[in-house]
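Chemist: Can you keep this structure in mind? I'll have questions shortly.
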Amino acid sequence: MDSTTLLEQERSRKGRGAKITVVSYDGTAVEKSSATDMGSALEWIGRRRVTWILVQGKLEMDELMVLQKWGGLHPLVIDEIAEEGPSRPKLMDLQGVIFLTWRLLLLEGLEVKEERAVCLLGKGFLITIVPPGVRMDKTMDALGNEHNEIRSMGTDYLLYDIIDSVIDDYFSISEEMGDLIEDAQDSILNDGGTEALANVQGLRRALIKVRKAIWPLREVINALVKGQSDLVDAYTAPYYRDAYEHTIELMDTVDTHRDMVSEMLDMYQSMVSNQLNKIVKVLTLISVIFAPLTFIVGLYGMNFVHMPELSSPYSYPAVLVIMLVLAVLMLLMFKRKGWF
Amino acid sequence: MDSTTLLEQERSRKGRGAKITVVSYDGTAVEKSSATDMGSALEWIGRRRVTWILVQGKLEMDELMVLQKWGGLHPLVIDEIAEEGPSRPKLMDLQGVIFLTWRLLLLEGLEVKEERAVCLLGKGFLITIVPPGVRMDKTMDALGNEHNEIRSMGTDYLLYDIIDSVIDDYFSISEEMGDLIEDAQDSILNDGGTEALANVQGLRRALIKVRKAIWPLREVINALVKGQSDLVDAYTAPYYRDAYEHTIELMDTVDTHRDMVSEMLDMYQSMVSNQLNKIVKVLTLISVIFAPLTFIVGLYGMNFVHMPELSSPYSYPAVLVIMLVLAVLMLLMFKRKGWF
Amino acid sequence: MDSTTLLEQERSRKGRGAKITVVSYDGTAVEKSSATDMGSALEWIGRRRVTWILVQGKLEMDELMVLQKWGGLHPLVIDEIAEEGPSRPKLMDLQGVIFLTWRLLLLEGLEVKEERAVCLLGKGFLITIVPPGVRMDKTMDALGNEHNEIRSMGTDYLLYDIIDSVIDDYFSISEEMGDLIEDAQDSILNDGGTEALANVQGLRRALIKVRKAIWPLREVINALVKGQSDLVDAYTAPYYRDAYEHTIELMDTVDTHRDMVSEMLDMYQSMVSNQLNKIVKVLTLISVIFAPLTFIVGLYGMNFVHMPELSSPYSYPAVLVIMLVLAVLMLLMFKRKGWF
Amino acid sequence: MDSTTLLEQERSRKGRGAKITVVSYDGTAVEKSSATDMGSALEWIGRRRVTWILVQGKLEMDELMVLQKWGGLHPLVIDEIAEEGPSRPKLMDLQGVIFLTWRLLLLEGLEVKEERAVCLLGKGFLITIVPPGVRMDKTMDALGNEHNEIRSMGTDYLLYDIIDSVIDDYFSISEEMGDLIEDAQDSILNDGGTEALANVQGLRRALIKVRKAIWPLREVINALVKGQSDLVDAYTAPYYRDAYEHTIELMDTVDTHRDMVSEMLDMYQSMVSNQLNKIVKVLTLISVIFAPLTFIVGLYGMNFVHMPELSSPYSYPAVLVIMLVLAVLMLLMFKRKGWF
Amino acid sequence: MDSTTLLEQERSRKGRGAKITVVSYDGTAVEKSSATDMGSALEWIGRRRVTWILVQGKLEMDELMVLQKWGGLHPLVIDEIAEEGPSRPKLMDLQGVIFLTWRLLLLEGLEVKEERAVCLLGKGFLITIVPPGVRMDKTMDALGNEHNEIRSMGTDYLLYDIIDSVIDDYFSISEEMGDLIEDAQDSILNDGGTEALANVQGLRRALIKVRKAIWPLREVINALVKGQSDLVDAYTAPYYRDAYEHTIELMDTVDTHRDMVSEMLDMYQSMVSNQLNKIVKVLTLISVIFAPLTFIVGLYGMNFVHMPELSSPYSYPAVLVIMLVLAVLMLLMFKRKGWF
């Protein structure tokens, strides 16, 4: 996804319409053109076996009305397309047309941004509406390559190819997050500061978002295969099942990441406890060694008139030796206890 | 919901009956009137395609008896209507009439107040009983607008519209709670006091209440669609499925909020541990630096007659220098250990 | 339940038989009498539409044999009736007779006592065996009231009425426990002692017992409705479904209580940590302030002959001022760190 | 189980064969004899309605081959019988013969020892293979008693009776563990040492083992009742269902025990935290009281020439009084804070 | 698995093809030979009842194409075979051919390495592709032994035998991990250092990997038995069911190991807390004993002119005695409190 996405999105909302691309193809030829409005785009449908209408940006209400009239769509579908912001991935099977949404994810630092993609799959056509700036290069390139299997297949394979690249994007985000988690782990082990802790919380939240994008997509793919709809054919079904397996693998990875994050927090807690133990050991060591010594020097600092020891010339060195022996003994004792 | 709700509720219990509004409509016209009692309200049913009887307040026993006789209702339905306080949302399919309850939520500070709404859906009529003061403006306005789809549709769509606005209310409460959680998070990070902790517990409890209102409502909606009842027709079913999806999204949000609250508690615990570590570090630092120094000054405060060092003029400055060096060395050692 | 239960139970075990009450009724009349033995009680069955035999206390083996011969019961049923102590609520559907058990709960302080109730439902009769002293006043009163619906209905409604009052008892125990939990919460917040902690553990255990009484009862009720047995008729089914909903509500409440108890423990842990932090702060404050001061006074307590400061008349007040300034500075520093 | 088990087991492995007992019976008579080998034991089958072959010890390979040839058993069954050590309880339904295994448990101190029992149930026969030294007295005694129901029933009831005594053994182990848990609880409350903690971990592990013996046995019993096999007849089915209920009750108890153990660990943690708080309170109290006093006495131990207070005759008692007042004030302050 | 695996793997990637072994057999004879390419290997299929093609190493693209053309395989199967790195174990049933993958595990220190095995099961043939260096000696030996059951059975049993040895490998890894966990437990109990903690985290991660290899394999085995495919016959089914039981046992063991690891962490935490308590006790003991003593000696070190005690000859011994008594009293007090 391009870094100019947000900018373009802004521009498109302020008046410039969405960018509409039409790709119509069958085993023999591919035609690709830009359409100025939905009406002219829809006219392409039926000319070749598969027509893919890719809308990058937001459709205006009048365009949506054109779409509804053309397809005799349920008003809810139009509501769903017009809605903004990412929603829960879902599939609605509506008399001959399948409506799908999923989430596009974009990792920025520790945060996961979510955008919304919408699809309409019908007999011989696929309409895909994505935010402005989302390029579908992988699929476009595949269509451009005449040896690619996609050319000889129907709309169901086209949809599979699109979903497959969405899942690929998830995989690369998941890998990036794995790296971030390992970085966080290193940073906790090295400086163990509170910033590291904040990062961990950020990672946790990002993982929850990724999970929420994947899990319902899995259901959507399942519904496509298990559904009685004749829009997905027997030959393409294994591909969808493969995509389904990929979402499960992804979930596994995300769950492993979540375990690693929990683990990290546990380790952090253990380290903090351990460190406290060490600090308190130092404190105790010092106190235990100096408390009796300080007492002894205080003892001979008393001003009693009758303290016979004070006048003996051997007293001072004797006291010094006693204190040294005491200190050494205590150090030995702590050594034996394994305190340092 | 109006702030005078509780007051009105009180008043209605002390004698003033419930407020009954009847809206009867079909594609061509809408008639709206107030009814003084249940009997006259029920007479409206059948005049137009859809009759909506909205009862705001508590029905007296005699009114309930009128309702039961009119509809030949199972005594349990009357018991359920007469009951006070919020119950678990549920659906009972009783020979041609569907009985439904759900919870209305109202966020006051950190507390969630629950009220009870009751519905009877039958052929051509919908009876809705809500606490006094609960206005159903959104649906009333839709009925008032002649271009609104609701006018051309049946009781099933009317019920959907009402449920949909209940869910919308849940969504806005959920958003408010999200804000409250973020506030709590900030307050913990800034002053980390015990009040913040109390708030967190309040939020937790509120989230549990929201969850308990949503989860069974989801089942109720599902039962409406999956049920064999012919009261919900095929065209309206996708709307209910959409509402169903919305409850799932809500649950997702609530669960995310719960995760955030747990996360916050973990973070709080970590902060408290961290802070303890810091305090104990300061304590240890001071003890470790002053313990030997205090010992040294005590040493030369002893009153032995034979302490040769005492009479030398260089002893005092020498001891001062030794102590300074000792203090600096220890500070350096702690610096290297990363203690400050 | 009467406080003399245990006493009566004791007495009944030592020889006095169980108290047997027979209530036989139909829409027109109710006959109620005491029976001296099972044999004469069973003779009542068939005289009117419904015969309820209520046994309060333990049946002797010979009585049980009479029952078995009369009903051709499976030996297991007799074993189950003869068994002592509460067992897991269950339902056994045995050729025309349904055998049921559930638990009666009694809250004593923080402890939940469990007792056992047993039921045999057959065509036209219901035999209920409860511990001595368990009065079934609610159902008896309902049977005594000629306007009560129960009079015009069959054994299935009678059983429902009994189960319903058991559930009502659970509800009141659940409410009492809610109060106990709030008390515990207050006591933790106020004195936070270890006794409070012991109470929490008691509450936890009591909640587990309540859960174990409710959960299988829910299954029993479900089995009654879903079972193919013709002993529960279509008109009564909604009542059972209502009772079923009530057990779910109860479970919800119990689960909320369990959450509250867990919450309380978390809060307790946080409070203990917080308190430790505060104590250590005080310790550190005192140490940090007095350690340098004690060092300074020790410094000028040294007995070196050549300490020029000692003879100056301004030294003493100067040292006092320096120490004061030091103490104030440190207090300010701690103030700024927010330590007090 | 006999304390000589391990010894006997050892001996049997070193050559001495297993001890084989055959009991053949029907409603009229019981014949009991010892068999020297499997071949002669199998000849008993068919003579009376039920033949029970009880093998105590390990069968040699040649004996197993005799068994396989006789029964036309699947090679897997022989593998399973020959296997050593406890395996997961399971049931295999193999053309007319049902193969079952379960675990025998033996509580030694805090440890649970597991042994393996194997069963083959066929038309008219039941072969049971248990470790040497496992006596099945309860079932043997029942067979010996001519008034016992077991005599008039088939192999299915015999198997039920054996499983029932296994479950009874589990119940008594479960009760012993309950006692051990209460002991551990008391010991934690009284001396709270680390040994207590080690015991808790031992209990935890033992509970997991018990759980693993019970849970799959429950499935085995269920498979016996639900299976289409005609080896379990309608009259015996309720007994199996009863045994099934007992395993659920057992699981409940085990789960309660596990909760109690977790609870105990929580309590232990709380007690440790509490104790730390108390210790630190003492430390702080002493430090806070003596730090200022030590400072004051140090102050007047300074050797300044010009310290006017030193020469006044009232200074010494005044300082003593001041220090006393200070100490008392601080004690009062701590008292008010509730520190002791 | 050989220690030269990685080396061989490297070599094979740099050009040397995979090593292909063909074993063709039926009840009467076994033929074993090496094949230079896939084409010639596939020619063996059909000559005898079972043909096993074992590929050790990576197949080049052209070889895969040969395989695809020969079998008319779905392109996805070829993609799956060509893929590198371990994937989630799965099964795809594709018109007459079953495709399977699983994970080979290798324990190196605390780390679990995962490799990928792929299988194609068809009528009369089994193609197994494993990483270079993975020897399948157990199965090869079984085929070499003419008395082994495997010789008289079909491809389904061959596949079972291979899966069975995979599970055996898992069992031995699981046992090794059990030993590692016990070592870690001992090391925590003895030195309780941070390295032990790091090991625990390593074990945790390794256990998760093992779990992820076993769990989906269980599903794969289940799919083989439950599938409608006629490639697994009724006689072999019990073997698969047995393998299925083994995976469940393995899961049980892995879960027990995970419990033990969690337990260990809990114990570690408790030990750290306990140790802190002990350290703080020592600190407190020393402070409490020396604080008053140091105060007393400081008291008589004051320089007041009028301190009558100072001149008495009995004062010094009296103070010494008082201090001794004080120290002894405090020690006794702590003794009674059970502090040492």
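Residue numbers (my numbering), protein chains in the order written: chain A, 1 to 340; chain B, 1001 to 1340; chain C, 2001 to 2340; chain D, 3001 to 3340; chain E, 4001 to 4340.
Every residue, glycine too, gets a C-beta built ideally from N, C-alpha and C.
Does the CB of residue 2294/C have a neighbour CB from chain D at under 8 Å?
Modeler: yes
Chemist: From the beta carbon of residue 2304/C, is the nearest beta carbon of chain B less than 8 Å away?
Modeler: yes
Chemist: By alpha-carbon positions, which one of 1248/B, 1204/B, 1197/B, 1201/B ends up nearest to residue 1222/B?
Modeler: 1248/B
Chemist: So, is residue 62/A buried or exposed, given that buried needs 16 or more other C-beta atoms within 10 angstroms?
Modeler: Exposed, by the Cβ-count rule.
Chemist: Report all residues from its chain with a CB closer than 6 Å to the CB of residue 2054/C; omit the five preceding and five following residues, and keep chain order.
Modeler: Sequence-distant Cβ neighbours of residue 2054/C in its own chain, meaning closer than 6 Å and more than five residues away, are 2021, 2128.
Chemist: In three-state DSSP terms, what is residue 2304/C?
Modeler: Under the three-state reduction of DSSP, residue 2304/C is assigned to coil, being neither helix nor strand.
Chemist: Return no unless some Cβ of chain D is closer than 8 Å to the Cβ of residue 2275/C.
Modeler: yes
Chemist: Contact criterion: CB-CB distance below 8 Å. Does residue 1160/B meet it with respect to chain A?
Modeler: no
Chemist: How would you list, in chain order, the residues of chain D whose beta-carbon sits under 9 Å from the beta-carbon of residue 2286/C?
Modeler: 3284, 3287, 3288, 3291, 3292
Chemist: Is it buried or exposed for residue 4002/E, if we count other Cβ within 10 angstroms and need 16 for buried?
Modeler: Bear in mind that a pLDDT of 46 at residue 4002/E, under 50, signals an unreliable position, so the number given afterwards is only what the model happens to contain. The residue in question, residue 4002/E, is exposed, as its Cβ has fewer than 16 Cβ neighbours within 10 Å.
Chemist: Using the Cα positions of residue 322/A and residue 316/A, report the straight-line distance between them to the nearest angstrom.
Modeler: 10 Å
Chemist: So, is the C-beta of residue 2061/C closer than 8 Å to a C-beta in chain B?
Modeler: no
Chemist: Output yes or no for whether 8 Å exceeds the beta carbon distance between residue 1126/B and residue 1044/B.
Modeler: no
Chemist: Is there at least one Cβ from chain A nearer than 8 Å to residue 1219/B's Cβ?
Modeler: no
Chemist: I'd like to know if the stretch 4287-4306 of chain E and the stretch 3292-3304 of chain D are in contact, where contact means that at least 3 CB-CB pairs between them fall below 8 Å.
Modeler: A contact between stretches requires three or more CB pairs, one per stretch, nearer than 8 Å, and the stretch 4287-4306 of chain E meets this requirement with the stretch 3292-3304 of chain D.
Chemist: In chain C, what lies closer than 8 Å to residue 1313/B by C-beta?
Modeler: 2305, 2306
Chemist: At least one CB of chain C closer than 8 Å to the CB of residue 1316/B: is that the case?
Modeler: yes
Chemist: Determine, for residue 1127/B, whether the minimum Cβ-Cβ distance to residues of chain C falls below 8 Å.
Modeler: no
Chemist: Tell me, please, whether the CB atom of residue 4238/E is closer than 8 Å to any CB atom in chain D?
Modeler: At least one beta carbon of chain D lies nearer than 8 Å to the beta carbon of residue 4238/E.
Chemist: Which residues, taken in chain order from the stretch 3060-3093 of chain D, show a beta carbon closer than 9 Å to some beta carbon of chain E?
Modeler: 3074, 3075, 3076, 3077, 3079, 3080, 3087, 3088, 3090, 3092
Chemist: Between residue 2199/C and the rest of its own chain, which residues show a CB-CB distance below 7 Å, the 5 nearest in sequence each way excluded?
Modeler: 2110, 2184
Chemist: May I have the straight-line CA-CA distance separating residue 4011/E from residue 4130/E, to the nearest angstrom?
Modeler: Confidence in residue 4011/E is poor, its pLDDT being 42 and thus under 50, which makes the residue's placement unreliable; the coordinate value appears in the next sentence. Between residue 4011/E and residue 4130/E, the C-alpha separation is close to 15 Å.
Chemist: Given this structure, state the Cα-to-Cα distance separating residue 1170/B from residue 1120/B, to the nearest angstrom.
Modeler: 22 Å
Chemist: My understanding is that residue 3160/D touches residue 3101/D, with C-beta atoms under 8 Å, so please give their C-beta distance in whole angstroms.
Modeler: With 8 Å as the limit, residue 3160/D and residue 3101/D do not qualify as a contact, their Cβ atoms being about 16 Å apart.
Chemist: Would you mind working out which of 3262/D, 3196/D, 3270/D sits nearest residue 2196/C, comparing C-alpha positions?
Modeler: Considering only alpha carbons, the answer is 3270/D.
Chemist: Given this structure, state the Cα-to-Cα distance separating residue 1165/B from residue 1142/B, to the nearest angstrom.
Modeler: 11 Å
Chemist: Is it buried or exposed for residue 3080/D, if we count other Cβ within 10 angstroms and need 16 for buried?
Modeler: buried
Chemist: From the DSSP output, in three-state form, read off residue 102/A for me.
Modeler: strand
Chemist: Ordered along the chain, which non-local residues of its own chain (more than five positions away) have a Cβ less than 8 Å from that of residue 2019/C?
Modeler: Closer than 8 Å at the Cβ level, and outside the excluded window around residue 2019/C, lie 2034, 2055, 2056, 2057, 2132.
Chemist: Should residue 3333/D be flagged as near chain C, meaning a C-beta pair shorter than 8 Å?
Modeler: Residue 3333/D has a beta carbon lying at 8 Å or more from every beta carbon in chain C.
Chemist: Using beta-carbon positions only, say whether residue 1257/B and residue 1153/B come within less than 8 Å of one another.
Modeler: no
Chemist: Rounding to the nearest angstrom, what Cα-Cα distance links residue 3014/D and residue 3082/D in this structure?
Modeler: Only weak support exists for where residue 3014/D lies, its pLDDT of 41 falling under 50; the coordinates are left without a value.
Chemist: Express the C-alpha separation of residue 328/A and residue 312/A in angstroms, rounding to a whole number.
Modeler: 25 Å
Chemist: Identify the contact partners of residue 156/A in chain E, using a Cβ-Cβ distance below 7 Å as the criterion.
Modeler: Those within 7 Å of residue 156/A in chain E number zero; the least Cβ separation is about 14 Å.
Chemist: Within the continuous alpha helix (DSSP H) that includes residue 242/A, where are the two ends?
Modeler: 237-299
Chemist: For the alpha helix (DSSP H) containing residue 1115/B, name the first residue and the last one.
Modeler: Residue range 1111-1122 is occupied by the beta strand (DSSP E) that includes residue 1115/B, with no alpha helix (DSSP H) assigned at that position.
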